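Student:
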């Protein structure tokens, strides 16, 4: 059977939706982990599109250009829920620029949520546990369980709960999804090659069920799950230790951190070398300092038949 026919016959299997624990909402001031957020987008202005060309035109007409972001370090809150099915039909320069632009605000939004949690943990570390409120104690306990940390100590939480540099996220999204053109990316919003987790969830499978790849409701949840995987799984302990070291040296960039990803792919060092080449060639680390402008959020969604 041809690859196209195999992909055409892929099935999307969906498990019942699991809602976040009510305990997570006891105190509005305590930030929820990004992977627990069920509705990440504030749909102030909703734009339903049918093609990648329409998205590129919308970006251009609104002055959302990568050169402008680099010069101003200001990033518009243009959130894209899912991928168009025709990115590959664009000229190469438009496809590459368009993919980076559609994913950048979501990466920033997930990382900013993680930084909120880190700030709150740092605040709690300045006072004895006996002075924590009941809600604060439960919040820390919930984080410890979510990140598989038995000690419950804040220093250990801070090692696990930290950002993934923009350049690294973009490079892995590019490599794993083929610039947003793979079937798993289009049908399941899976940009990072994540397999079905042990606790289940949505997934895509090939005929016979030999391959089960995680599927997500939107690009935010995909990105949040990928970061949570890196921040939790034992295989990425080296990444977390290197990130801590780089942060202390003020050298935390995607180009530096990807050297710890040899276990992410069976390609090993070749995978790392390719990620570094992508970061360098497309200047993906140039967006680390960009800040989201949340004053005028816009929400884009594609209505084509490939949406999961």
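In mature numbering (1 follows the signal peptide of the UniProt record, and there is no 0), the protein residues as written are -20 to -1, 1 to 288. Every residue gets a Cβ at the ideal spot worked out from N, C-alpha and C, and that includes glycine. None of these values were measured; they are calculated from a predicted model.
1. Suppose contacts are defined by Cβ-Cβ distances below 9 Å. Is residue 237 in contact with residue 202 by that definition?
2. For the segment 55 to 67 and the segment 188 to 200, state whether three or more C-beta atom pairs, one from each stretch, are separated by less than 8 Å.
3. Compare the Cα-Cα distances from residue 57 to each of 159, 88, 67 and report the closest residue.
4. For the 8 Å Cβ check, are there 3 or more pairs between the segment 209 to 216 and the segment 128 to 147?
5. Compare the C-alpha of residue 182 against each of 162, 160, 205 and name the closest.
6. Tell me the residue span of the alpha helix (DSSP H) that contains residue 54.
7. In the DSSP assignment, find the beta strand (DSSP E) that holds residue 29 and state where it starts and stops.
8. Using the beta-carbon count (16 or more within 10 Å), is residue 75 buried or exposed?
9. Of the residues 18, 241, 96, which one's Cα is nearest the Cα of residue 256?
10. Which ranges does the beta strand (DSSP E) cover as unbroken runs of at least 3 residues, wholly within the segment 100 to 135, from first to last along the chain?
11. State the beta-bridge partners of residue 194 as determined by DSSP.
12. By DSSP, does residue 157 sit in helix, in strand, or in coil?
13. Under DSSP, the beta strand (DSSP E) around residue 277 begins and ends at which residues?
14. Could you pull the start and end residues of the alpha helix (DSSP H) that residue 255 belongs to?
15. Kindly indicate which three-state DSSP category residue 175 falls into: helix, strand or coil?
16. Cβ of residue 21 within 9 Å of Cβ of residue 279?
17. Buried or exposed for residue 163, going by 16 or more other Cβ atoms inside 10 Å?
18. Exposed or buried, what is residue 52 when buried is set at 16 or more other beta-carbons lying within 10 Å of its beta-carbon?
19. Residue 276: which of 26, 119, 19, 175 sits nearest, CA to CA?
20. Kindly give me the distance between the Cβ atoms of residue 49 and residue 270, rounded to whole angstroms, as I take these residues to be in contact under 8 Å.
21. Identify which residue in 105, 72, 157 has its Cα closest to the Cα of residue 136.
22. Just to confirm my understanding: we take residue 175, look at its own chain, exclude 5 residues before and 5 after, and list those with CB closer than 7 Å. What are they?
23. Should residue 159 and residue 267 be called a contact, given that it needs their Cβ atoms to be closer than 9 Å?
24. Sorry if obvious, but does the Cβ on residue 103 come closer than 8 Å to a heavy atom of the ligand GTP?
25. Taking only the alpha-carbon atoms, compute the straight-line gap between residue 130 and residue 114 and give it to the nearest angstrom.
Tutor: To lay it out plainly:
1. On the chain shown, position 257 is the one that residue 237 refers to. On the chain shown, position 222 is the one that residue 202 refers to. Taking 9 Å as the cut-off, the Cβ atoms of residue 237 and residue 202 do not count as close.
2. Yes: the two stretches touch, three or more of their Cβ pairs being nearer than 8 Å.
3. Counting from 1 along the chain shown, the entry for residue 57 is found at position 77. Closest by alpha carbon: 88.
4. Counting C-beta pairs closer than 8 Å gives three or more between the segment 209 to 216 and the segment 128 to 147, which meets the contact rule.
5. As a working note, residue 182 is residue 202 in the chain shown. When C-alpha distances from residue 182 are compared across 162, 160, 205, the shortest belongs to 205.
6. Against the chain shown, residue 54 aligns to sequence position 74. Residue 54 -> not in any alpha helix (DSSP H); beta strand (DSSP E) instead, spanning 54 to 60.
7. As a first step, residue 29 is located in the chain shown; it is residue number 49 there, counting from the start. Per DSSP, residue 29 belongs to the beta strand (DSSP E) from 26 to 29.
8. As a working mapping, residue 75 is identified with position 95 in the chain shown. If you draw a 10 Å sphere on the C-beta of residue 75, you find 16 or more other C-beta atoms in it, and that means buried.
9. Looking up residue 256 in the chain shown gives position 276. Cα-wise, what sits closest to residue 256 is 241.
10. The segment 100 to 135 contains no whole beta strand (DSSP E) run of 3 or more residues.
11. On the chain shown, position 214 is the one that residue 194 refers to. BP columns for residue 194 point to 183.
12. Here residue 157 corresponds to residue number 177 of the chain shown, with the count starting at 1. Of the three classes helix, strand and coil, the one that applies to residue 157 here is helix, per DSSP.
13. One-based indexing of the chain shown puts residue 277 at position 297. According to the DSSP assignment, residue 277 belongs to the beta strand (DSSP E) that extends over 271 to 282.
14. Residue numbering aside, residue 255 sits at position 275 when the chain shown is read from its first letter. 249 to 261 is the span of the alpha helix (DSSP H), which, as asked, contains residue 255.
15. Residue numbering aside, residue 175 sits at position 195 when the chain shown is read from its first letter. Here residue 175 sits in strand by DSSP.
16. Within the chain shown, residue 21 is the residue found at index 41, counting from 1. Within the chain shown, residue 279 is the residue found at index 299, counting from 1. Yes, the pair counts as a contact, with Cβ atoms nearer than the cut-off.
17. As a position in the chain shown, residue 163 is number 183, starting the count at 1. The residue in question, residue 163, is buried, as its Cβ has 16 or more Cβ neighbours within 10 Å.
18. In the chain shown, the residue the question calls residue 52 occupies position 72. Residue 52 counts as exposed, since fewer than 16 other C-beta atoms from the protein chains shown sit within 10 angstroms of its C-beta.
19. Counting from 1 along the chain shown, the entry for residue 276 is found at position 296. Out of 26, 119, 19, 175, 26 has the C-alpha closest to the C-alpha of residue 276.
20. For the purposes of this step, residue 49 is taken as the residue at position 69 of the chain shown. For the purposes of this step, residue 270 is taken as the residue at position 290 of the chain shown. Contact holds; Cβ gap of about 5 Å.
21. Locating residue 136 in the chain shown gives position 156, where the first residue counts as 1. Residue 136 has its Cα closest to that of 105, out of 105, 72, 157.
22. Numbered from its first residue, the chain shown carries residue 175 at position 195. The answer, listed in chain order, is 192, 193, 194.
23. The sequence position of residue 159 within the chain shown is 179, counting from 1. The sequence position of residue 267 within the chain shown is 287, counting from 1. Cβ distance not < 9 Å, so residue 159 and residue 267 don't count as in contact.
24. Here there are no bound small molecules, and the ligand GTP is not part of this structure.
25. If you number the chain shown from 1, residue 130 lands on position 150. If you number the chain shown from 1, residue 114 lands on position 134. If you take the alpha carbons of residue 130 and residue 114, they lie about 19 Å apart.
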